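Some notes on the structure that comes next.
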Amino acid sequence: GLTPDVLSTEVMSSIEAMDEDAVVACMREKLGVSKAAAADAAALLRVTRLVSTRAARVSASAIVAIARHAGYLSKEEATVIALDGSVIRHYSTFKERIQACIRELAGDAGDKLVLELADDGSGLGAAVIAATA
């Protein structure tokens, strides 16, 4: 069986970048699944993509809801949305998934929401929230 607590964000991101043979090797060597086969790797790839896509959809839903409430989607100019955290920094496809979900939820207006990595950490985010409250 699967060793508890080994399917971290880092491992999931790595798995998504692998081909099926590499996933089988990863399952055997890192995840403790000694009898992993191609069908197991295909299932793990699918589950990994579903989990990360769902997380991106939850993030995008919050971003669009706040942007809609604040009137950013009806403005002509773009609004920069600062993102921070290990998932956004280390999960290679996560930012693109969030952006795709934003477009899905907000249509063309979603292109006005520009996602950027925040370099200043959560302290800046707290300051921005306090300033806009």
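In the working numbering, the protein residues as written are 1398 to 1530. For every residue, glycine included, the Cβ atom is placed at its ideal position computed from N, Cα and C. In this text the structure is predicted, and so the values were computed from the model without any measurement.
- The segment 1434-1451 makes no contact with the segment 1468-1482, as fewer than three CB pairs between them are under 8 angstroms.
- About 6 angstroms separates the beta carbons of Lys1492 and Ile1485, which is inside the 8 angstroms limit, making them a contact pair.
- Pairing Gly1507 with Lys1427, the inter-Cα distance amounts to about 39 angstroms.
- With a cutoff of 7 angstroms on beta-carbon distance, Ser1410 and Tyr1488 are scored as near each other.
- A residue is called buried when at least 16 other Cβ atoms come within 10 angstroms of its Cβ; Ser1483 does not meet this threshold and is exposed.
- Uninterrupted alpha helix (DSSP H) stretches at least 4 residues long and entirely within the segment 1471-1523 occur at 1483-1487 and 1491-1503, given in chain order.
- With fewer than three CB-CB distances shorter than 8 angstroms, the segment 1414-1431 does not count as touching the segment 1446-1453.
- Per DSSP, the unbroken alpha helix (DSSP H) holding Val1408 starts and ends at Thr1406 to Glu1413.
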